[in-house]
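Working notes for the structure below.
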Amino acid sequence: MLKVTNPKATAEQFAQIYMARSKDLLTMQAARTGDDKKAQLSLRNTLTMFQKALGDAVAGGSLMRRAATLSNPQLATVTLAPDAKPGEYQFHVERLATANQQAIDLPAAIDARDAGRLTIKVGDDVEVVVDIASADKDADGKVSAQELARAINTDRSTNGAVRAAIVGDKLVLTAARTGAQSRITFATDTLTDPALAVAFEGARETVKAQDARIILGDRQSGLAIEQASNTLDSIDGVSIAFNQAGASGSVSVAVDNAGTVDGVKAFADAYNALMRSIADLTRAGDAARGDPGGPFSADAGVRALVGQIKAALRQRVEGLNLYDLGIDTDRYGMLNVNASSLDATLKTNAAALDEFFGDATRGLAGNLTRVLDRWLDAASGQLKRREESIDASEKTIVARQADWDRRHASVLERYTKEFTQLQIMQQKMESTLEQLKALFSTNKD
Numbered sequence: 285m286l287k288v289t290n291p292k293a294t295a296e297q298f299a300q301i302y303m304a305r306s307k308d309l310l311t312m313q314a315a316r317t318g319d320d321k322k323a324q325l326s327l328r329n330t331l332t333m334f335q336k337a338l339g340d341a342v343a344g345g346s347l348m349r350r351a352a353t354l355s356n357p358q359l360a361t362v363t364l365a366p367d368a369k370p371g372e373y374q375f376h377v378e379r380l381a382t383a384n385q386q387a388i389d390l391p392a393a394i395d396a397r398d399a400g401r402l403t404i405k406v407g408d409d410v411e412v413v414v415d416i417a418s419a420d421k422d423a424d425g426k427v428s429a430q431e432l433a434r435a436i437n438t439d440r441s442t443n444g445a446v447r448a449a450i451v452g453d454k455l456v457l458t459a460a461r462t463g464a465q466s467r468i469t470f471a472t473d474t475l476t477d478p479a480l481a482v483a484f485e486g487a488r489e490t491v492k493a494q495d496a497r498i499i500l501g502d503r504q505s506g507l508a509i510e511q512a513s514n515t516l517d518s519i520d521g522v523s524i525a526f527n528q529a530g531a532s533g534s535v536s537v538a539v540d541n542a543g544t545v546d547g548v549k550a551f552a553d554a555y556n557a558l559m560r561s562i563a564d565l566t567r568a569g570d571a572a573r574g575d576p577g578g579p580f581s582a583d584a585g586v587r588a589l590v591g592q593i594k595a596a597l598r599q600r601v602e603g604l605n606l607y608d609l610g611i612d613t614d615r616y617g618m619l620n621v622n623a624s625s626l627d628a629t630l631k632t633n634a635a636a637l638d639e640f641f642g643d644a645t646r647g648l649a650g651n652l653t654r655v656l657d658r659w660l661d662a663a664s665g666q667l668k669r670r671e672e673s674i675d676a677s678e679k680t681i682v683a684r685q686a687d688w689d690r691r692h693a694s695v696l697e698r699y700t701k702e703f704t705q706l707q708i709m710q711q712k713m714e715s716t717l718e719q720l721k722a723l724f725s726t727n728k729d
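Residue 285 is where the sequence shown starts when you use my numbering, and the numbers rise one by one after that.
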């Protein structure tokens, strides 16, 4: 017979037993939804990584990689964009662009209270106004050279346009930009300290503000280019940062066969990683061993995706397939790049490789992009719809959990009342029994 000593604990125990089946079902649904969400995220990450690798492979609309060669390494540093066009360019650097620099011999002591304000101009479009008194951070009534330099550098109106430093016993101001428009000038009419005004009016120019002058082509008859920067960006896809005035040399931009082969290998590696990841997600289970398999083992949609990706790889483009270019598949469906065959293709028919891979809208890359977009499109992709379905399931589970909590609370309350009443009855019965025992014991005596 059940004896109730703690109605609340007993009620909780019986409520758990009563609600166990619905709780187990809810827990199972939550676990399944959590697994689905994790699997969808894994698939999204896998497809996104391949999408990025595909975009990198044909960045600039071409699979071909470019390399720059300088006849004079001291001439410049060259950076190429993926869409850089092959070509050869001759340059002569007459002069480099420089940032203006001014050195000021400051007075030994600057009275913070009577100094006024200093206006610094950089070119025609930047004006910095420094309140000398506010530079006195130690409040000793004097502004040191270090305090003035700090005030210039931290003033909001400076905005990095000019940098101040103490070199020896001089305040040195340097424009942040180069070119003729980096000229630093001072307006001293708002300075009330005469000695300070004289110091800035007598500033010595240590570096002249000047534009770069670069000759494209023949040194005598070529095209003169004057600009504020030492970096020439006017050639599509080519950025040339000139380093040395008086230097001459050529910059040659050509197809980089080794870099292109590496790019194809990177694409193949990304594809193989995609296939391995999806194979794991769709892995068949083994019921006899208790192995449920991958989360998408019975997902027809994901298997169709794999089929579409493989079909895109098998499709002929411009009469060519991967094998014709030196890329084949092994018995596991993984891509292998035959570097020597691919290099031979680049030497004999580089355009064919470019045509086959294409870009985001055509060729192999275009075909794969369309397949991926059907899954990754932010507005209507398959993954978007699947994730919305999971979100809906999560909301349903949250609602069911809230309902379960309410029902559990109701059952617990009912059981608590019932077991409390049972405890009271049991206590009364025990009391009556004790009284009867006492009565019979008295009669015997």
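No residue lacks a Cβ here, since even glycine has one placed at the ideal position from N, Cα and C.
DSSP three-state assignment for Val590, whether helix, strand or coil: Val590 carries a helical assignment under DSSP once its states are collapsed to helix, strand and coil.
Per the DSSP calculation, Val522 is bridged to which residue(s)? The beta-bridge partner set that DSSP reports for Val522 consists of Leu364, Ile519.
Distance CB(Asp638)-CB(Met348) smaller than 7 Å: Cβ distance < 7 Å, so Asp638 and Met348 count as in contact.
What are the boundary residues of the beta strand (DSSP E) that includes Ile436? First-last for Ile436: 429 to 438, but that is the alpha helix (DSSP H), not the beta strand (DSSP E).
Residue range of the alpha helix (DSSP H) that includes Lys307: 291 to 341 is the extent of the alpha helix (DSSP H) around Lys307.
Residue range of the beta strand (DSSP E) that Leu619 falls in? From DSSP, the beta strand (DSSP E) with Leu619 extends over 619 to 621.
Roughly how many angstroms lie between the CA atoms of Phe298 and Ser677, to the nearest whole one? Roughly 30 Å between the two C-alpha positions.
Check the DSSP bridge columns for Phe641 and list the partner residues they point to. None; Phe641 has no bridge partner.
Could you give the uninterrupted runs of the beta strand (DSSP E) lying entirely in the region 358 to 429, keeping only those of 3 residues or more? 360 to 364, 371 to 379, 385 to 388, 401 to 406, 410 to 415, all fully within the region 358 to 429.
Among Ala584, Gly577, Ala635, which one has its Cα closest to the Cα of Glu602? Among Ala584, Gly577, Ala635, the Cα nearest to that of Glu602 belongs to Ala635.
Have a look at Val414 and Lys492 and give me their C-alpha separation to the nearest angstrom. Between the C-alpha atoms of Val414 and Lys492 there is a straight-line separation of about 24 Å.
With DSSP as the reference, label Asp612 as helix, strand or coil. Secondary structure at Asp612: strand, using DSSP grouped into helix, strand and coil.
Report the rounded CA-to-CA distance for Val545 versus Asp520, giving the unit in angstroms. Rounded to the nearest angstrom, the two C-alpha atoms are 24 Å apart.
Buried versus exposed call for Val682 [16 or more other C-beta atoms within 10 Å across all chains shown]: Exposed, since its Cβ has fewer than 16 Cβ neighbours within 10 Å.
Under a three-way DSSP split, which group does Ala683 fall into? In this structure, Ala683 counts as helix in the three-state DSSP scheme.
Reduced DSSP secondary structure (H/G/I, E/B, other) of Leu507: DSSP places Leu507 in strand when its eight states are reduced to three.
What first and last residue would you give for the beta strand (DSSP E) that runs through Glu489? Here the beta strand (DSSP E) through Glu489 covers 488 to 491.
Could you check where the beta strand (DSSP E) with Lys454 kicks off and where it finishes? Per DSSP, the unbroken beta strand (DSSP E) holding Lys454 starts and ends at 454 to 459.
Residue span of the alpha helix (DSSP H) that contains Ser532, given as start and end: Secondary structure note for Ser532: it is in no alpha helix (DSSP H), and the uninterrupted beta strand (DSSP E) holding it is 532 to 539.
In three-state terms, what does DSSP make of Val288? Val288 falls in the coil class under three-state DSSP.
Whose CA, out of Ala423, Gln374, Val377, lies closest to the CA of Ala396? Of the candidates Ala423, Gln374, Val377, the one whose C-alpha sits nearest the C-alpha of Ala396 is Ala423.
Using DSSP's beta-bridge definition, name the partner residues of Ser646. Reading off the sequence, residue 646 comes out as Arg, not Ser. Arg646 pairs with Asp643.
Using C-beta distances below 8 Å, list every residue in its chain close to Pro391, excluding the 5 sequence neighbours before and after it, in chain order. Taken in chain order, the residues that qualify are Asp477, Ala479, Leu480, Ala483.
Starting from Leu354, trace the beta strand (DSSP E) both ways and give me its first and last residue. Start and end: 350 to 354.
Quick test of your reading: Thr353 and Ser536, contact by CB under 8 Å. State the CB separation rounded to the nearest angstrom. About 5 Å separates the beta carbons of Thr353 and Ser536, which is inside the 8 Å limit, making them a contact pair.
From Gln710 to Arg691, what distance separates their C-alpha atoms? Taking the CA atoms as reference points, Gln710 sits about 28 Å from Arg691.
For the putative contact between Thr472 and Glu485, defined by C-beta atoms under 8 Å, what is the C-beta separation to the nearest angstrom? In this structure Thr472 touches Glu485 by the C-beta definition: roughly 6 Å separates them, less than 8 Å.
Straight-line Cα distance separating Leu310 from Pro579: So the alpha carbons of these two residues sit roughly 20 Å apart.
Buried/exposed call for Ser466, threshold 16 Cβ in 10 Å: With a 10 Å radius around the Cβ and a threshold of 16 neighbouring Cβ atoms, Ser466 comes out buried.
Exposed or buried, what is Asn384 when buried is set at 16 or more other beta-carbons lying within 10 Å of its beta-carbon? Buried, by the Cβ-count rule.
Could you work out which residue in Tyr302, Ser326, Met303 is closest to Thr671 when comparing CA atoms only? The sequence given here places Glu at residue 671; Thr does not occur at that position. For the options Tyr302, Ser326, Met303, the alpha carbon positioned closest to that of Glu671 is the one of Ser326.
Would you say Val655 and Ile562 are within 7 Å of each other, going by their C-beta atoms? Between Val655 and Ile562, the C-beta spacing is not below 7 Å.
So what does DSSP say about Arg497, is it helix, strand or coil? In this structure, Arg497 counts as strand in the three-state DSSP scheme.
Ignore the nearest five residues each way along the sequence and tell me which others in Tyr373's own chain have a CB closer than 6 Å to its CB. Same-chain partners within the cutoff: Val535.
Hey, how far is the Cα of Asp675 from the Cα of Ala582? Those two C-alpha atoms are separated by around 21 Å.
State the start and end residues of the unbroken alpha helix (DSSP H) segment that holds Ala582. No alpha helix (DSSP H) holds Ala582; DSSP gives it neither H nor E.
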